[in-house]
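All remarks here apply to the structure that follows.
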Amino acid sequence: AVATVTLSRSACYGYDQRVEVFGTGGLASVGNLHEDASVVADGSGVRRPRLVRSFPERFEAAFWYETDAFADTALLGTAWPVSEDDCVAVQ
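In our numbering, the protein residues as written are 63 to 153.
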């Protein structure tokens, strides 16, 4: 498999972050987030809304999920959703 990570916090068009993994079994990719899902295509080209600009804007939902998981673990004693083996596997 081949993995590519592209990141720019200062691209003139916004915060650019892309990940692509390509292998014999298929492809997985994560693209940029736009302010909304609209696309306008006509004789002058294709236009989309601007990219979501800040790290907190892009990952707000992830922060909330992580906070909820932490609270569930600390207050309710539920298992943390990421195991030690998971952490080692991504090293």
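Virtual Cβ for every residue (Gly too), placed ideally from N, Cα, C.
#1: Output needed for Q153: all residues of its chain with C-beta closer than 8 Å, excluding positions within five of it in sequence on either side, in chain order.
#2: Taking the alpha helix (DSSP H) that T129 belongs to, which residues open and close that run?
#3: Please report the straight-line C-alpha distance between L137 and T129, rounded to a whole angstrom.
#4: Does DSSP put A136 in a helix, in a strand, or in coil?
#5: Of all the options L95, V108, C74, P143, which has the alpha carbon lying nearest to the alpha carbon of V81?
#6: Find the nearest neighbour of L89 within the set C74, T68, A99, V64, judged by alpha-carbon distance.
#7: Looking only at its own chain, which residues have a Cβ that is under 8 Å from the Cβ of V101, when we skip the five neighbours before and after it?
#8: Under 8 Å, Cβ to Cβ, is there at least one residue of chain E near E97?
Looking at the coordinates:
#1: none
#2: 117-133
#3: 12 Å
#4: The answer is helix: DSSP assigns A136 an H, G or I state.
#5: L95
#6: V64
#7: Contacts found: V108, R109, R110.
#8: Of the protein chains in this structure there is only one, and it is not chain E.
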